[in-house]
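Everything in the sequence shown is counted per the working numbering, starting at 508 for the first residue and increasing by one.
The beta carbon of each residue, even a glycine, is placed where N, CA and C say it ideally should be.
The structure displayed is predicted, hence computed values, not measured ones.
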Amino acid sequence: MRTTFRIAAAATSTLVAALALTACGGDGSDGSTSAEKPAASTPVDTPATPGQTPAGDSKGSGTGTGSGKSAGSSSGGHTGSGSGSGSAANPGGKSAKKPSGGGSSDASCTGATVKLTATPVTRPINHVLLTVTNTGSTRCNAYYAPSVAFFGDQQSPVAVDKDTIPQAVVSLSPGASAYAMVRTQGEDDGSKPRNSTRVSVYFQGKDDNGSTGSAAHASLTKSIAVVESQAMVTYWQSDLSTIDSW
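Following this line, the structure appears as C-alpha coordinates:
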(Lines of atoms letter the chains of each structure in order from A and count residues from 1; the text may use other names and numbers.)
(Lines give C-alpha, C1' and ligand atoms only; values in the text may rest on other atoms or scores of the structure.)
Protein backbone atom coordinates (compact mmCIF):
# COMPACT_ATOMS: atom_id res chain seq x y z
CA MET A 1 0.00 0.00 0.00
CA ARG A 2 2.81 2.43 0.86
CA THR A 3 4.48 1.71 -2.51
CA THR A 4 1.25 2.25 -4.39
CA PHE A 5 0.69 5.59 -2.61
CA ARG A 6 4.18 6.83 -3.58
CA ILE A 7 3.61 5.90 -7.22
CA ALA A 8 0.30 7.72 -7.25
CA ALA A 9 1.83 10.79 -5.61
CA ALA A 10 4.67 10.87 -8.20
CA ALA A 11 2.16 10.60 -11.04
CA THR A 12 0.16 13.46 -9.57
CA SER A 13 3.28 15.65 -9.31
CA THR A 14 4.18 14.91 -12.93
CA LEU A 15 0.68 15.87 -14.08
CA VAL A 16 0.78 19.16 -12.15
CA ALA A 17 4.17 20.04 -13.66
CA ALA A 18 2.89 19.26 -17.14
CA LEU A 19 -0.12 21.50 -16.63
CA ALA A 20 2.09 24.32 -15.36
CA LEU A 21 4.39 23.99 -18.38
CA THR A 22 1.42 24.09 -20.73
CA ALA A 23 0.15 27.28 -19.06
CA CYS A 24 3.56 28.99 -19.49
CA GLY A 25 3.65 28.07 -23.17
CA GLY A 26 0.26 29.73 -23.68
CA ASP A 27 1.76 33.10 -22.54
CA GLY A 28 4.30 33.02 -25.38
CA SER A 29 7.37 32.39 -23.19
CA ASP A 30 8.61 29.84 -25.72
CA GLY A 31 8.81 32.50 -28.55
CA SER A 32 5.46 31.51 -30.13
CA THR A 33 3.50 34.00 -32.31
CA SER A 34 1.24 34.95 -29.43
CA ALA A 35 4.20 36.83 -27.85
CA GLU A 36 5.17 38.73 -31.03
CA LYS A 37 4.34 42.46 -31.45
CA PRO A 38 1.74 43.19 -34.10
CA ALA A 39 3.27 44.28 -37.43
CA ALA A 40 2.79 47.94 -38.46
CA SER A 41 -0.13 47.97 -40.85
CA THR A 42 0.74 51.36 -42.42
CA PRO A 43 4.18 52.94 -42.94
CA VAL A 44 4.61 56.33 -41.29
CA ASP A 45 4.98 58.10 -44.62
CA THR A 46 1.94 56.49 -46.25
CA PRO A 47 -1.21 58.67 -46.35
CA ALA A 48 -4.00 57.38 -44.16
CA THR A 49 -6.59 58.60 -46.64
CA PRO A 50 -6.36 57.74 -50.38
CA GLY A 51 -5.40 60.76 -52.47
CA GLN A 52 -3.92 62.76 -49.57
CA THR A 53 -0.23 63.48 -50.02
CA PRO A 54 1.91 63.15 -46.88
CA ALA A 55 3.77 66.21 -45.65
CA GLY A 56 7.15 64.67 -46.46
CA ASP A 57 6.36 63.94 -50.11
CA SER A 58 7.52 66.95 -52.10
CA LYS A 59 6.52 65.36 -55.42
CA GLY A 60 2.89 64.91 -54.50
CA SER A 61 2.86 61.32 -55.81
CA GLY A 62 -0.17 60.04 -53.88
CA THR A 63 -2.23 57.31 -55.50
CA GLY A 64 -5.54 59.08 -55.07
CA THR A 65 -7.10 61.89 -57.11
CA GLY A 66 -5.05 64.76 -55.65
CA SER A 67 -3.17 65.43 -58.93
CA GLY A 68 -2.96 69.20 -58.65
CA LYS A 69 -6.29 69.87 -60.44
CA SER A 70 -7.69 71.65 -57.44
CA ALA A 71 -6.26 74.77 -55.81
CA GLY A 72 -7.07 73.33 -52.42
CA SER A 73 -5.38 69.96 -52.87
CA SER A 74 -2.21 69.30 -50.92
CA SER A 75 -0.32 68.21 -54.03
CA GLY A 76 -1.03 71.51 -55.79
CA GLY A 77 0.33 73.48 -52.87
CA HIS A 78 3.73 71.81 -52.63
CA THR A 79 6.79 73.78 -53.64
CA GLY A 80 9.39 70.99 -53.47
CA SER A 81 9.64 69.74 -57.04
CA GLY A 82 7.14 72.02 -58.72
CA SER A 83 5.20 69.07 -60.13
CA GLY A 84 1.76 70.65 -59.71
CA SER A 85 0.76 70.36 -63.36
CA GLY A 86 -2.55 70.07 -65.15
CA SER A 87 -5.17 72.76 -64.72
CA ALA A 88 -4.21 73.75 -61.20
CA ALA A 89 -5.58 77.17 -60.27
CA ASN A 90 -2.41 78.16 -58.51
CA PRO A 91 -1.21 81.72 -59.16
CA GLY A 92 2.16 80.82 -57.65
CA GLY A 93 2.74 78.23 -60.35
CA LYS A 94 3.68 80.89 -62.91
CA SER A 95 6.32 83.57 -62.62
CA ALA A 96 4.89 87.02 -62.03
CA LYS A 97 5.14 89.44 -64.95
CA LYS A 98 6.78 92.80 -64.49
CA PRO A 99 4.53 95.81 -65.05
CA SER A 100 4.83 97.16 -68.56
CA GLY A 101 4.69 100.78 -67.45
CA GLY A 102 2.68 101.80 -70.54
CA GLY A 103 5.55 101.35 -73.00
CA SER A 104 9.22 100.61 -73.30
CA SER A 105 10.78 101.46 -69.94
CA ASP A 106 14.18 102.06 -71.62
CA ALA A 107 13.08 104.47 -74.36
CA SER A 108 14.75 107.86 -74.16
CA CYS A 109 12.80 111.05 -74.67
CA THR A 110 13.81 112.92 -77.83
CA GLY A 111 12.82 116.04 -79.67
CA ALA A 112 10.35 113.93 -81.65
CA THR A 113 8.40 112.87 -78.54
CA VAL A 114 8.44 115.98 -76.33
CA LYS A 115 7.63 119.68 -76.42
CA LEU A 116 10.26 122.05 -74.99
CA THR A 117 9.63 125.43 -73.39
CA ALA A 118 12.35 127.77 -72.09
CA THR A 119 11.32 130.47 -69.61
CA PRO A 120 13.66 133.07 -68.05
CA VAL A 121 12.85 133.40 -64.33
CA THR A 122 13.18 136.45 -62.10
CA ARG A 123 14.46 134.48 -59.10
CA PRO A 124 17.14 133.31 -59.08
CA ILE A 125 18.43 135.93 -61.53
CA ASN A 126 20.19 134.83 -64.72
CA HIS A 127 18.34 131.52 -64.79
CA VAL A 128 16.18 129.81 -67.43
CA LEU A 129 13.68 127.07 -66.65
CA LEU A 130 13.51 124.23 -69.19
CA THR A 131 10.33 122.16 -69.32
CA VAL A 132 9.81 119.11 -71.54
CA THR A 133 6.37 117.49 -71.85
CA ASN A 134 5.85 114.03 -73.30
CA THR A 135 3.63 114.49 -76.37
CA GLY A 136 3.94 110.87 -77.50
CA SER A 137 1.64 107.92 -76.84
CA THR A 138 4.13 105.84 -74.83
CA ARG A 139 6.35 106.38 -71.81
CA CYS A 140 9.84 107.85 -72.27
CA ASN A 141 12.72 108.57 -69.90
CA ALA A 142 14.55 111.86 -69.43
CA TYR A 143 17.97 110.40 -68.63
CA TYR A 144 20.72 112.30 -66.80
CA ALA A 145 20.91 116.03 -67.73
CA PRO A 146 20.01 117.89 -70.90
CA SER A 147 22.74 118.90 -73.32
CA VAL A 148 22.05 122.61 -73.70
CA ALA A 149 23.25 124.96 -76.43
CA PHE A 150 22.34 128.63 -76.79
CA PHE A 151 24.35 129.30 -79.93
CA GLY A 152 24.84 127.47 -83.17
CA ASP A 153 28.60 127.87 -83.01
CA GLN A 154 28.84 126.73 -79.38
CA GLN A 155 31.87 124.47 -78.96
CA SER A 156 30.49 122.27 -76.14
CA PRO A 157 27.22 121.90 -74.21
CA VAL A 158 26.61 123.76 -70.97
CA ALA A 159 28.34 122.22 -67.92
CA VAL A 160 26.27 119.96 -65.63
CA ASP A 161 25.86 120.34 -61.85
CA LYS A 162 26.57 116.83 -60.48
CA ASP A 163 25.04 117.74 -57.11
CA THR A 164 21.54 117.69 -58.62
CA ILE A 165 21.38 113.98 -59.56
CA PRO A 166 17.83 112.72 -58.77
CA GLN A 167 17.15 109.60 -56.75
CA ALA A 168 15.61 107.80 -59.73
CA VAL A 169 15.35 108.06 -63.50
CA VAL A 170 12.76 110.66 -64.50
CA SER A 171 10.19 108.63 -66.40
CA LEU A 172 7.44 110.46 -68.26
CA SER A 173 4.09 108.95 -69.08
CA PRO A 174 2.18 110.66 -71.92
CA GLY A 175 1.38 114.24 -70.85
CA ALA A 176 3.88 114.30 -67.94
CA SER A 177 6.70 116.86 -67.67
CA ALA A 178 10.32 117.03 -66.52
CA TYR A 179 12.28 120.11 -65.48
CA ALA A 180 15.83 121.44 -65.56
CA MET A 181 17.26 124.81 -64.56
CA VAL A 182 20.01 126.62 -66.47
CA ARG A 183 22.24 129.30 -64.98
CA THR A 184 23.25 131.58 -67.85
CA GLN A 185 26.07 133.44 -66.09
CA GLY A 186 27.74 133.72 -62.71
CA GLU A 187 29.71 136.44 -60.94
CA ASP A 188 31.30 139.06 -63.13
CA ASP A 189 34.84 137.96 -63.99
CA GLY A 190 35.35 140.20 -66.98
CA SER A 191 33.96 137.67 -69.48
CA LYS A 192 31.85 139.21 -72.21
CA PRO A 193 28.33 137.71 -72.47
CA ARG A 194 26.49 137.01 -75.69
CA ASN A 195 22.78 137.51 -76.16
CA SER A 196 20.56 134.60 -77.13
CA THR A 197 16.87 134.27 -78.00
CA ARG A 198 16.79 130.52 -78.65
CA VAL A 199 17.88 127.33 -76.92
CA SER A 200 18.43 123.77 -78.14
CA VAL A 201 18.26 120.66 -75.94
CA TYR A 202 19.66 117.23 -76.79
CA PHE A 203 18.72 114.11 -74.81
CA GLN A 204 20.94 111.41 -73.35
CA GLY A 205 20.54 107.68 -73.90
CA LYS A 206 20.34 105.09 -71.16
CA ASP A 207 24.07 104.26 -71.45
CA ASP A 208 25.07 107.94 -70.96
CA ASN A 209 27.23 107.74 -74.06
CA GLY A 210 26.28 110.95 -75.81
CA SER A 211 23.04 112.36 -77.12
CA THR A 212 20.43 110.28 -78.90
CA GLY A 213 17.63 111.11 -81.32
CA SER A 214 16.67 114.56 -82.49
CA ALA A 215 17.04 117.76 -80.49
CA ALA A 216 14.23 119.91 -79.13
CA HIS A 217 14.24 123.65 -79.76
CA ALA A 218 12.48 126.54 -78.08
CA SER A 219 12.41 130.32 -78.46
CA LEU A 220 12.98 132.41 -75.33
CA THR A 221 10.36 134.94 -74.31
CA LYS A 222 13.09 137.58 -74.17
CA SER A 223 16.74 137.94 -75.05
CA ILE A 224 19.12 136.73 -72.35
CA ALA A 225 22.83 137.26 -71.71
CA VAL A 226 24.89 134.06 -71.64
CA VAL A 227 28.50 133.56 -70.55
CA GLU A 228 29.34 130.13 -71.89
CA SER A 229 32.22 129.52 -69.47
CA GLN A 230 29.91 130.19 -66.48
CA ALA A 231 26.71 128.55 -67.66
CA MET A 232 25.54 125.40 -65.88
CA VAL A 233 22.46 123.12 -65.96
CA THR A 234 20.85 120.73 -63.48
CA TYR A 235 19.82 117.12 -64.06
CA TRP A 236 16.26 116.47 -65.18
CA GLN A 237 13.83 116.51 -62.26
CA SER A 238 10.28 115.21 -61.90
CA ASP A 239 9.52 117.77 -59.16
CA LEU A 240 10.10 121.44 -59.94
CA SER A 241 10.36 122.33 -56.25
CA THR A 242 13.70 120.53 -56.00
CA ILE A 243 15.38 123.12 -58.26
CA ASP A 244 13.17 126.21 -58.15
CA SER A 245 15.67 127.98 -55.88
CA TRP A 246 18.85 126.41 -57.32
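- Judged by DSSP in its simplified three-state form, S726 adopts strand.
- T671 carries a helical assignment under DSSP once its states are collapsed to helix, strand and coil.
- Between T624 and A725, the gap from beta carbon to beta carbon is short of 8 Å.
- Taking the C-beta atoms as reference points, P653 is found no nearer than 8 Å to L679.
- Within the same chain, Cβ atoms closer than 6 Å to the Cβ of V677 are found at A649, A685, W743, S745, the five residues on either side in sequence being excluded.
- In the three-state DSSP reduction, S707 falls in the strand class (E or B).
- With the rule of 3 Cβ pairs closer than 8 Å, the stretch 710 to 720 does not count as touching the stretch 684 to 702.
- In terms of CA proximity to G697, Q737 leads the group D613, S703, Q737, A683.
- T645 and D613 have their C-alpha atoms spaced approximately 11 Å apart.
- Residue pairing from DSSP places Q744 in a beta bridge opposite Y686.
- Of the other Cβ atoms in all chains shown, fewer than 16 fall within 10 Å of the Cβ of P631; this residue is therefore exposed.
- When S748, S752, V734 are compared, the shortest CA-CA separation from F658 is found for V734.
- Around the beta carbon of A656, a 10 Å sphere encloses 16 or more other beta carbons of the protein chains shown; the residue is thus reported as buried.
- Cα atoms of P664 and I731: separation of roughly 17 Å, rounded to the nearest angstrom.
- Counting only residues of its own chain and dropping the five nearest sequence neighbours on each side, G618 has a CB closer than 6 Å to the CB of S721, A722, A723.
- S678 is bridged by DSSP to N648.
- Relative to D670, the option among Y651, G682, P681, S707 whose CA is nearest is Y651.
- In the structure shown, T640 falls within a strand segment according to DSSP collapsed to helix, strand and coil.
- Pairing T704 with P627 gives a Cβ-Cβ distance that is not under 8 Å.
- The alpha carbon of C616 has as its nearest neighbour, out of P673, V708, N633, the alpha carbon of V708.
- If you draw a straight line from the Cα of P681 to the Cα of V667, it is about 27 Å long.
- Residue state for T749 is assigned as helix, using DSSP reduced to three classes.
- Measuring C-alpha to C-alpha distances from I750 to each of N641, K699, H634 identifies H634 as the nearest.
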